[in-house]
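Student: Structure in structure tokens, see below.
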Amino acid sequence: VGQTAFSQKKIWDETEAEKTERLAWWTDARFGMFIHWGLYAQAARHEWVKKRERISDEAYQKYFEIFNPDLFDPSEWAKKAKAAGMKYAVITSKHHEGFCMFESDYTDYDVMNTPYGQDIIKKWVDAFRAEGLGIGFYYSLIDWHHPEYTIDRVHPQSANTQEEYDELNKDRDMAVYREYLKNQVREILTQYGKIDILWLDFSFPGEFGKGYEDWGSVELIKMVRELQPGIIINDRADLKDYWGGWDFTTPEQFKVEKWPEVDGKKIPWETCQTFSGSWGYYRDEHTWKDKKQLLVLLIESVSKGGNLLLNVGPTARGTFDYRADKALNEMGEWMKYNSPSIYGCTQAPADFEAPDNTLLTYNPETNRLYIHLLDYPLQNFLLRGYKDKIKYAQFLHDASELNISEPRGHWIKQETGENDINLLLPVNKPNVEIPVIEVFLK
Ligand code: JFZ
Numbered sequence: 015v016g017q018t019a020f021s022q023k024k025i026w027d028e029t030e031a032e033k034t035e036r037l038a039w040w041t042d043a044r045f046g047m048f049i050h051w052g053l054y055a056q057a058a059r060h061e062w063v064k065k066r067e068r069i070s071d072e073a074y075q076k077y078f079e080i081f082n083p084d085l086f087d088p089s090e091w092a093k094k095a096k097a098a099g100m101k102y103a104v105i106t107s108k109h110h111e112g113f114c115m116f117e118s119d120y121t122d123y124d125v126m127n128t129p130y131g132q133d134i135i136k137k138w139v140d141a142f143r144a145e146g147l148g149i150g151f152y153y154s155l156i157d158w159h160h161p162e163y164t165i166d167r168v169h170p171q172s173a174n175t176q177e178e179y180d181e182l183n184k185d186r187d188m189a190v191y192r193e194y195l196k197n198q199v200r201e202i203l204t205q206y207g208k209i210d211i212l213w214l215d216f217s218f219p220g221e222f223g224k225g226y227e228d229w230g231s232v233e234l235i236k237m238v239r240e241l242q243p244g245i246i247i248n249d250r251a252d253l254k255d256y257w258g259g260w261d262f263t264t265p266e267q268f269k270v271e272k273w274p275e276v277d278g279k280k281i282p283w284e285t286c287q288t289f290s291g292s293w294g295y296y297r298d299e300h301t302w303k304d305k306k307q308l309l310v311l312l313i314e315s316v317s318k319g320g321n322l323l324l325n326v327g328p329t330a331r332g333t334f335d336y337r338a339d340k341a342l343n344e345m346g347e348w349m350k351y352n353s354p355s356i357y358g359c360t361q362a363p364a365d366f367e368a369p370d371n372t373l374l375t376y377n378p379e380t381n382r383l384y385i386h387l388l389d390y391p392l393q394n395f396l397l398r399g400y401k402d403k404i405k406y407a408q409f410l411h412d413a414s415e416l417n418i419s420e421p422r423g424h425w426i427k428q429e430t431g432e433n434d435i436n437l438l439l440p441v442n443k444p445n446v447e448i449p450v451i452e453v454f455l456k
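Structure below.
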């Protein structure tokens with residue numbers, strides 16, 4: 015869908031093999047934590063609250079004046095991320111509201127000028143680094159606070175007609191904002207040591223939209239690569255057809271049916287997902303995904319060669335909501351025993367067919383195949399076409415052997431072929447949300 019080919023346009027001189035190598039730690043990691051945190055946590059009703067409710071700068075100012083997350087303890091956050099099985103994390107250094115969680119020389123609208131008065135990003139980086147997690151910054155291209163940023167003609171509308179928009183924007187100059195954004199990206203990439211990921215958000219090219227020309231994306235990404243040669247960049251700066259303009263794609267609001275491709279080649283991808291719908295802390299939201307849904311998001315991503323960036327929206331005091339803690343604990347409980355089917359894994363080779371209600375992942379290093387049982391089957395579990403390809407099978411969570419035999423119990427209704435084999439499963443589902451069968455391949 016909508017994939018473009020890389021043309022001759024080049025931002026970064028790198029071979030495909032070099033790119034694969036640069037991204038290797040990230041594709042192995044598979045699971046990261048997204049953190050959406052800003053002034054909107056105080057409104058506690060979505061990070062888009064300013065736009066959705068058309069709150070003026072003046073009315074929004076109260077959040078800036080009282081922002082003071084006294085319980086913020088990033089080392090606790092980092093430990094929670096690690097315990098959940100996450101290997102990297104990406105935090106909002108600035109979201110669309112324009113407020114900077116880092117110390118900036120280019121605006122007064124930063125955390126240093128709130129009652130909290132300390133550089134949140136610095137503390138966060140130090141704590142997450144100390145736990146050995148990869149470090150990423152989200153930076154919003156969109157800015158609802160900067161006086162030179164032209165107001166977008168998007169829903170919910172800020173005016174009724176184009177003439178009214180022209181009037182609103184007549185003294186605004188995107189060239190000035192473009193410099194600002196470049197300066198700030200330079201700040202976050204020079205003030206905190208080595209940064210592993212840059213997550214820019216987002217472009218919406220079109221008649222009333224903004225894209226690479228508005229952001230100065232070509233110059234921006236060139237600068238980013240020079241400042242942080244190892245950095246991994248997402249694909250939302252509208253540079254789809256530039257080699258080096260982005261490293262991975264970010265499908266989000268739909269189920270990924272198959273591993274995305276460009277020019278017939280499978281590309282790195284990461285889906286970002288929320289626990290409850292909103293990215294920023296939303297006190298009264300009750301649409302929280304359950305344990306199984308969250309695990310399936312992770313396993314399914316890996317089964318199609320992708321990563322999952324799972325979001326937490328901390329409260330304005332700097333804590334994780336109890337529901338987020340619960341969800342993270344549940345992920346961690348499963349990951350503690352089953353992470354070998356995630357880390358370093360990818361889509362299974364095409365000659366392995368996934369039985370009904372299963373998802374397959376595969377580790378090319380160890381040559382092991384993982385069968386995730388989403389819906390626990392009956393005792394005799396048929397693996398079609400696996401016969402000469404496998405040497406041993408066990409449950410992953412407890413390393414208990416699963417007997418391999420000729421097909422049995424299938425004689426009445428199911429035709430079996432000569433290459434099919436049978437695994438003998440216990441009648442009762444093991445005490446694991448999604449049990450995993452680990453198959454040693456020949
Ligand atoms: C953006 C933000 O507006 C949102 O607040 C959050 O930060 C999210 C991660 O990113 O929302 C988007 C942007 C692009 C798409 C969907 C949601 N998209 O292209 O489908």
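Just add 14 to the spot in the sequence shown (first one is 1) and you have this note's numbering.
C-beta: ideal position from N, C-alpha, C; glycine also.
On the CB-based measure, 16 or more other CB atoms within 10 Å of its CB, does aspartate 122 come out buried or exposed?
Tutor: Counting Cβ neighbours within 10 Å, aspartate 122 comes out exposed, since fewer than 16 surround it.
Student: Does the beta-carbon of glutamine 287, which I'm using as the reference point, lie nearer than 6 Å to any heavy atom of ligand 1?
Tutor: no
Student: Comparing alpha-carbon positions, which option in Val276, Gly148, Gly52 lies nearest cysteine 114?
Tutor: Gly52
Student: Need the endpoints of the alpha helix (DSSP H) that phenylalanine 78 sits in, please.
Tutor: Element bounds for phenylalanine 78: 71 to 80.
Student: Mind checking who tryptophan 40 pairs with in its DSSP beta bridge?
Tutor: None, per the DSSP bridge assignment.
Student: Whole angstroms is fine: what's the gap from tryptophan 138's alpha carbon to arginine 66's?
Tutor: C-alpha separation (whole angstroms): 29 Å.
Student: Give the C-beta separation of isoleucine 435 and leucine 397 to the nearest angstrom, bearing in mind that I take them to be a contact with Cβ-Cβ under 8 Å.
Tutor: 5 Å
Student: Three-state secondary structure (DSSP) at valine 453?
Tutor: strand
Student: How far does the beta strand (DSSP E) with aspartate 133 in it extend, from its first residue to its last?
Tutor: For aspartate 133, there is no enclosing beta strand (DSSP E), as DSSP marks it with neither H nor E.
Student: By alpha-carbon positions, which one of Asp187, Asp133, Glu233, Ile246 ends up nearest to tyrosine 206?
Tutor: Asp133
Student: Taking the alpha-carbon of leucine 437 as reference, which of Arg422, Glu447, Lys443 has the nearest alpha-carbon?
Tutor: Arg422
Student: Determine the burial state of arginine 297: buried for a count of at least 16 other Cβ atoms within 10 Å of its Cβ, exposed for fewer.
Tutor: exposed
Student: Taking CB distances under 7 Å as the criterion, tell me whether lysine 101 reaches chain C.
Tutor: Of the protein chains in this structure there is only one, and it is not chain C.
Student: Which term fits valine 238, buried or exposed, when burial requires 16 or more other beta carbons within 10 angstroms of its beta carbon?
Tutor: buried
Student: Run through the DSSP bridge pairs and tell me what glycine 46 is partnered with.
Tutor: Tyr102, Leu323
Student: Near glutamate 420, which residues of its chain fall below 8 Å by C-beta distance, leaving aside the five closest residues on each side in sequence?
Tutor: Contacts found: Ile435, Asn436.
Student: Rounded to whole angstroms, what is the Cα-Cα separation between tyrosine 191 and alanine 368?
Tutor: 51 Å
Student: Closer than 6 Å by C-beta to tyrosine 179: which residues in its own chain qualify, once you throw out the five before and the five after it? Chain order, please.
Tutor: Arg167, Ala173
Student: Enumerate in chain order the residues of its own chain whose CB-to-CB distance from threonine 29 is below 8 Å, with the five nearest sequence positions on each side excluded.
Tutor: none
Student: Compute the minimum distance between the beta carbon of glutamate 67 and the heavy atoms of ligand 1, and state whether it is under 6 Å.
Tutor: no
Student: If distances are taken between C-alpha atoms only, which option among Ser70, Gly291, Gly131 comes closest to histidine 300?
Tutor: Minimum Cα-Cα distance from histidine 300 among the listed residues Ser70, Gly291, Gly131 corresponds to Gly291.
Student: According to DSSP, is arginine 68 part of a helix, a strand, or is it coil?
Tutor: coil
Student: Classify valine 15 as buried or exposed, calling it buried when 16 or more other Cβ atoms lie within 10 Å of its own Cβ.
Tutor: Its pLDDT being 40, under 50, valine 15 is placed unreliably in this model, and the value from its coordinates should be taken loosely. Exposed is the label assigned to valine 15, since fewer than 16 other Cβ atoms lie within 10 Å of its Cβ.
Student: Span of the beta strand (DSSP E) holding tryptophan 348?
Tutor: From DSSP, tryptophan 348 is part of no beta strand (DSSP E) but of the alpha helix (DSSP H) over 336 to 352.
Student: Between tryptophan 293 and ligand 1, is the CB less than 6 Å from at least one heavy atom?
Tutor: yes
Student: Buried or exposed, going by whether 16 or more other CB atoms sit within 10 Å of the CB of valine 441?
Tutor: exposed
Student: Does histidine 169 pass the burial test, meaning 16 or more other C-beta atoms within 10 Å, or should it be called exposed?
Tutor: Under this definition histidine 169 is an exposed residue.
Student: Which stretch, first to last residue, makes up the alpha helix (DSSP H) that contains leucine 195?
Tutor: Element bounds for leucine 195: 188 to 204.
Student: Quick one: is aspartate 254 buried, meaning 16 or more other Cβ sit within 10 Å of its Cβ, or exposed?
Tutor: Looking at the sequence itself, residue 254 is lysine, so the reference to aspartate does not match. That one is buried.
Student: May I ask whether a heavy atom of ligand 1 can be found less than 6 Å away from the beta carbon of phenylalanine 268?
Tutor: no
Student: Quick one: is arginine 44 buried, meaning 16 or more other Cβ sit within 10 Å of its Cβ, or exposed?
Tutor: buried
Student: Can you look up serine 154 in the DSSP assignment and give me helix, strand or coil?
Tutor: strand
Student: Buried or exposed: where does aspartate 365 fall if 16 or more other Cβ atoms within 10 Å of its Cβ makes it buried?
Tutor: Looking at its Cβ environment, which holds fewer than 16 other Cβ atoms inside 10 Å, aspartate 365 is exposed.
Student: At what residues does the alpha helix (DSSP H) containing tryptophan 229 begin and finish?
Tutor: Note, tryptophan 229: alpha helix (DSSP H), 226 to 229.
Student: Do isoleucine 202 and phenylalanine 151 have their CB atoms nearer than 7 Å?
Tutor: In this structure, the beta-carbon distance from isoleucine 202 to phenylalanine 151 falls below 7 Å.
Student: Can you say whether proline 282 is buried or exposed, counting buried as having 16 or more other CB atoms within 10 angstroms of its CB?
Tutor: buried
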